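Trainee: One structure coming up, written as structure tokens, with questions to follow.
Numbering (the working numbering), first residue to last: 41 to 339.
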């Protein structure tokens, strides 16, 4: 008997929850074909959630959309790089202090001379910094990145670009060094990441070697879908949830727009006749702006 009573008590609750969900998201006669989610208080709640998630994300991670205090470390860059190489059945790279010193000098030079390129305005190439750090190479390569907030997003961006991917997976390289540096570039707070790959020259008597060098182009050749994926990787779960909520609100508003002919005559004669379309555009635009704020990284 007790089990029967519990079941009968749950059924009205399910009905109430279903009814509330329909009133909130589905346009029908009971809510005047105007779902509660896209009324002023529903929209205000969604925007509040988005703003609070955005703010909490930066307070908790201590990071900046422009790259300052980004959560990127040389250890994580090395681990993620070797993880990608392992997936392809290639040997992992060894962390090299000389290459890291060279990468640090290159990043410092870019801030000092205010440029973002493999070759400095005065013609200095990346290989100059190899020599400065005392690394005598047979093969060498360089990848650059700026304004990413996480290691995952940085490596993913390189892997999504043909030339950067080739550097990461190059079977000729045995060593790698990284530098992550914060500073100001073009009057904007910026985080630069420099990755230098190399293979040392093997001293073999009577044999001359020719060094091979590879600079991945700083033009990002990754697809739009790849760039969108990189933006998502830079977001915290809370921010991703708020973006999904905003897109969902846009869909509900668009659905409400399809029922506009069932609105009361007084509403049809006002701007509210197309309220669903306006709200769908507005909510979707806010979601896109949030995604765009997390796509400031460049390679």
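Glycine is no exception: its CB is placed at the ideal position from the N, C-alpha and C atoms. Only a predicted model underlies this, so the values are computations on that prediction, with no experimental measurement involved.
Who are the Cβ neighbours of residue 303 in its own chain at under 8 Å, not counting the five residues just before and after it?
Mentor: For residue 303, where only same-chain residues beyond five positions count, the Cβ hits under 8 Å are 72, 73, 74, 312, 313.
Trainee: Measure the beta-carbon distance from residue 282 to residue 89 and round it to whole angstroms, keeping in mind my assumption that it falls under 8 Å.
Mentor: With 8 Å as the limit, residue 282 and residue 89 qualify as a contact, their Cβ atoms being about 5 Å apart.
Trainee: Between which two residues does the alpha helix (DSSP H) containing residue 122 stretch?
Mentor: 114-127 is the span of the alpha helix (DSSP H), which, as asked, contains residue 122.
Trainee: State yes or no: is the C-beta of residue 221 within less than 8 Å of the C-beta of residue 151?
Mentor: Contact: yes.
Trainee: Cα-Cα, which of 215, 154, 285 is closest to residue 230?
Mentor: Cα-wise, what sits closest to residue 230 is 154.
Trainee: In the DSSP assignment, what residue or residues form a beta bridge with residue 230?
Mentor: Paired residue(s): 223.
Trainee: Looking at residue 118 and residue 144, is the spacing between their C-beta atoms short of 8 Å?
Mentor: No, these two residues do not count as a Cβ contact at 8 Å.
Trainee: Hey, could you find the ends of the alpha helix (DSSP H) residue 145 is sitting in?
Mentor: That run of the alpha helix (DSSP H) goes 137-153.
Trainee: Under 8 Å between the Cβ atoms of residue 92 and residue 77?
Mentor: Not closer than 8 Å, so no.
Trainee: Leaving out the 5 sequence neighbours to the left and right, which residues in its chain are closer than 7 Å to residue 299 when beta-carbon positions are compared?
Mentor: Once the five neighbours on either side are set aside, the close Cβ partners of residue 299 are 67, 73.
Trainee: Reducing DSSP to helix, strand and coil, say where residue 188 ends up.
Mentor: Looking at residue 188 - three-state DSSP - the assignment turns out to be coil, as it is neither helix nor strand.
Trainee: Among 242, 212, 208, 309, whose alpha-carbon lies nearest the alpha-carbon of residue 235?
Mentor: Cα-wise, what sits closest to residue 235 is 208.
Trainee: For residue 198, does the count of other Cβ atoms within 10 angstroms reach 16, so buried, or fall short, so exposed?
Mentor: Label assigned to residue 198: buried.
Trainee: Between the C-alpha atoms of residue 323 and residue 55, what's the straight-line distance to the nearest angstrom?
Mentor: Those two C-alpha atoms are separated by around 29 Å.
Trainee: What residue from 192, 187, 240 has the CA that sits closest to residue 233's CA?
Mentor: Checked all of 192, 187, 240; the closest Cα to residue 233 is 187.
Trainee: For the alpha helix (DSSP H) that residue 327 lies in, which residues bound it at each end?
Mentor: Residue 327 -> alpha helix (DSSP H) spans 315-333.
Trainee: Which residues bound the alpha helix (DSSP H) around residue 130?
Mentor: Element bounds for residue 130: n/a, residue is neither H nor E.
Trainee: Are the CB atoms of residue 294 and residue 327 nearer to each other than 8 Å?
Mentor: Their beta carbons are not under 8 Å apart, which means residue 294 does not touch residue 327 by this criterion.
Trainee: Per DSSP, residue 111 forms a beta bridge with which residues?
Mentor: For residue 111, which the question treats as bridged, DSSP gives the partners 190.
Trainee: Quickly, what does DSSP pair residue 216 with across the bridge? List them, please.
Mentor: Bridge partners of residue 216: 135, 237.
Trainee: Apply the 10 Å Cβ neighbour rule to residue 331 and answer buried if 16 or more other Cβ atoms are within range, or exposed otherwise.
Mentor: It is buried - the Cβ of residue 331 has at least 16 other Cβ atoms within 10 Å.
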